[in-house]
Every structure is written in C-alpha cells, then in structure tokens.
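For reference, the structure discussed in these notes is given below.
Next comes the structure, spelled out in structure tokens:
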C-alpha cells in the first residue's frame with residue numbers, strides 16, 4: 010500500500026509541477042545568476058509545495074462531503090487539462106518569451122539576506138502557480154485509512170528532483186519537446202484514476 014500511494018504521489022507531483030517548472034526556469038534565470046541563488050529560489054518552491062499539500066489534505070475532507078465527489082474532481086481535472094492544452098491561462102505561455110538560461114552558472118556565496126529574499130520569491134511564485142494543482146493533490150488523501158505521509162513522501166521526492174532540475178538542468182528542460190502534451194496527458198490519467206476509484 011505504501012508503494013502504491015508513494016508512486017501516485019510522485020507521479021501526481023511530476024505531472025502537476027512539470028509545466029510550472031518550465032515557467033519558473035526563465036524567472037529564476039532573471040532573478041539570480043548563481044547556483045546558490047537558484048538553490049534558494051528552489052527551496053522556496055519546495056516549502057510552497059509542502060504548504061500546498063497540507064491545504065490539499067484539508068481540502069480533501071471538504072470534497073468527500075460532496076455527493077459524487079469523485080466525478081466532480083475528475084471533471085475539474087479534465088477541465089484543467091483543457092485549460093492548459095488551449096493555454097487559456099496565458100501565464101504558462103509567457104515562458105516562451107524569455108530566453109533560455111545560460112548553460113553554466115557559477116556557484117558562489119551570496120549573503121544570507123539575498124538567500125532569504127530569493128527563497129521568499131520562490132515561495133510566493135510557486136504558491137501562486139500551485140493553487141490550481143490542489144485539486145490534483147486532494148484525491149491522494151481521500152482514504153483516511155491510509156497515512157497521509159505515504160503520498161506526501163512521493164510528492165516530496167518528486168519536488169526534490171524538481172529542485173535539482175531547476176538548479177542544474179534548466180537549459181535542458183527548457184528545450185524539452187511535447188511539454189504541454191505530457192502535462193495534459195498526466196492530468197487526464199489522474200482524472201481517470203479518481204473516477205475509477207483508484208485514488
């Protein structure tokens with residue numbers, strides 16, 4: 010049971026965070042020119058994800074009180090996939106207007122004040138973009154007999170990979186093809202799992 014929810018948590022975070030990560034790459038490149046700065050920014054994102062999961066656990070309790078909640082959540086996920094596919098939000102497309110970050114950035118020390126400032130920027134940015142992902146996280150916590158940290162640990166591991174990617178693999182990710190299709194397909198898979206009772 011642990012590995013099931015761990016894998017689902019990991020998969021859900023990868024899918025929902027994929028498009029947001031690509032949006033954050035040019036912003037990180039603009040905000041900082043050092044790997045230490047990128048790390049601070051990425052740690053802020055990590056903290057935002059943790060807060061979002063706590064909100065998703067609370068939100069899942071509210072959703073379970075609604076009749077036919079699985080179909081409602083599944084439908085919302087399908088709508089979200091359509092919004093992303095047709096770029097109705099606009100902010101995800103904006104990342105294409107920025108130049109890809111340089112291949113190499115220096116890892117040099119920055120002041121504590123700068124580190125905390127960049128971390129705060131990363132938190133705010135991630136929390137704003139993560140709000141629409143709460144609906145995808147919530148089904149992971151529908152079953153109250155399953156300890157919440159099963160899925161949470163998968164989400165954390167996926168977020169750690171995201172942090173690594175933001176710091177070290179920004180250029181490669183910015184050039185990845187079929188980015189939108191991967192995100193949309195993943196959301197549709199999650200919707201099917203919710204409606205089918207797997208989540």
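Numbering (my numbering), first residue to last: 10 to 208.
All residues carry an ideal CB built from backbone N, CA and C; glycine is no exception.
Predicted model only: the values in this text are computed from it and were never measured.
For residue 87, same chain residues with a beta-carbon under 8 Å away, outside a window of 5 residues either side, are 196, 197, 200 in chain order. Residue state for residue 43 is assigned as strand, using DSSP reduced to three classes.
A distance below 6 Å between beta-carbons, with the five flanking residues on each side excluded, links residue 78 to the following residues of its chain, in chain order: 72.
The continuous alpha helix (DSSP H) containing residue 79 extends over residues 78 to 94. In this structure residue 35 is buried. Its beta-carbon is surrounded by 16 or more other beta-carbon atoms within 10 angstroms. Take residue 89, set aside five residues on each side of it, and the residues of its chain with a beta-carbon closer than 8 Å to its own are 141, 144, 145, 196, in chain order. Secondary structure of residue 137 (DSSP, three-state): helix.
If you look at residue 163, you'll find it in the alpha helix (DSSP H) that goes 157 to 177. Residue 10 and residue 149 have their C-alpha atoms some 12 Å from each other.
Counting the other Cβ atoms within 10 Å of the Cβ of residue 54 gives 16 or more, which makes it buried. CA-CA distance, residue 165 to residue 19, rounds to 8 Å.
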